[in-house]
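Worksheet: the structure to be examined is printed underneath.
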Amino acid sequence: MHIDLTGRTALVSGSTQGIGAAIATGLARAGATVAVNGRKPDKVEAAADALRAQVPGAQVVPLAADLATEEGADRAVDLLPDVDILVNNLGIFESKDALEITDDEWRRYFEVNVLAAVRLTRAYLPGMTARSWGRVQYIASDSAIVTPIEMIQYGMSKTALLAVSRGFAKKAAGSGVTVNSVIAGPTHTGGVEDFVYGLVNRDLPWEEAQRAFMREHRPQSLLQRLIEPEEIANMVVYLSSPQASATTGGALRVDGGYVDAIVP
27 MHIDLTGRTA
37 LVSGSTQGIG
47 AAIATGLARA
57 GATVAVNGRK
67 PDKVEAAADA
77 LRAQVPGAQV
87 VPLAADLATE
97 EGADRAVDLL
107 PDVDILVNNL
117 GIFESKDALE
127 ITDDEWRRYF
137 EVNVLAAVRL
147 TRAYLPGMTA
157 RSWGRVQYIA
167 SDSAIVTPIE
177 MIQYGMSKTA
187 LLAVSRGFAK
197 KAAGSGVTVN
207 SVIAGPTHTG
217 GVEDFVYGLV
227 NRDLPWEEAQ
237 RAFMREHRPQ
247 SLLQRLIEPE
257 EIANMVVYLS
267 SPQASATTGG
277 ALRVDGGYVD
287 AIVP
């Protein structure tokens, strides 16, 4: 399948590393102009340079802004008034006992993982519908469906994204704009390595630690390994394409078979 996104502009929130960086790279390979986002200018520039090195000739727009804030969202709109593909990837996670999560932490997870995506959708969806073409995606998680006992605040936020995605898909009905969420399973990123070592013996080599984590904490996985960020990006690039024009209002799983259900 040849995916051509030439002439399209994409914004991937939280895209200096991990899944976001892989998505930005995948979209750039397909020909889209891609805005790489993070809070720190030096990190954003480094990520933009790395993307250009991986995809020669890529059109990359560095966007240093905290998109979890109104000011950051305003900066994004000032720099990129029109976006064709919005990928809401920005998110935080942390392992914590359920009874020790404070009110402020509950609010922070909602504001960063949910409200930031709502705010950007609110900013860019009208332009997409006016142009009769657009793609909005939310990077959710298996935790949206199988709430992890070690981080229910994160699971709550990802469940909320499924509702947000379905609701905005209804708002965009008949406009030529599609809105979907991607349910990512346990994925191999730097942050996840820290998370894994918080739950298994830190003296174990990474490959052994990964297997131990999947065996002890994610035994439902049919893949029986962590997913690579590029595997998540493949789904996002497809959903961003003209070929996915009839896929909207969905929650598409790239979870390695972790969720033990036929449908979400």
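Count the sequence shown with the numbering used here and you get residues 27 to 290, in order.
Ideal placement from N, C-alpha and C gives every residue a C-beta, glycine not left out.
Distance from the Cα of Leu146 is smallest, within the candidate group Gly40, Val262, Thr59, Ala287, for Gly40. Counting only runs of at least 4 residues, the region 43-103 fully encloses the following alpha helix (DSSP H) elements, listed from N- to C-terminal order: 44-55, 67-80.
Counting only runs that start and end inside the region 234-277, the alpha helix (DSSP H) elements of at least 4 residues fall at 255-265. If the five residues before and after Ile118 are omitted, its C-beta is found closer than 6 Å to the C-beta atoms of Val138, all from its own chain and listed in chain order.
If you draw a straight line from the Cα of Ala272 to the Cα of Val218, it comes to about 33 Å. Ala47 and Val87 have their C-alpha atoms roughly 13 Å apart.
For Val38, the enclosing beta strand (DSSP E) stretches over residues 35-38.
Pairing Leu188 with Ala166 gives a Cβ-Cβ distance under 8 Å. Cβ neighbours of Val103 within its own chain (closer than 7 Å, five residues either side excluded): Ala149. Rounded to the nearest whole angstrom, the CA to CA distance from Pro174 to Val62 is 30 Å. Between Ala90 and Pro107 the beta-carbon gap is near 18 Å, outside 8 Å, which marks them as no contact. For Leu37, the closest of Ile253, Arg134, Leu112 by C-alpha to C-alpha distance is Leu112. Judged by pairs of C-beta atoms under 8 Å, the region 200-208 touches the region 264-279, as three or more such pairs exist. In this structure, the straight-line span from the alpha carbon of Ser201 to that of Ser158 is close to 5 Å.
Residue nearest to Asp281 within the set Leu230, Trp232, Leu248, Met177 is Leu248 (criterion: CA-CA distance). The beta carbon of Asp30 is closer than 6 Å to those of Gly57 in its chain, skipping five residues each way along the sequence.
Note that the C-beta distance between Ala195 and Gly98 is not below 8 Å. Take the alpha-carbon of Asn260 and the one of Ile49: they are about 8 Å apart.
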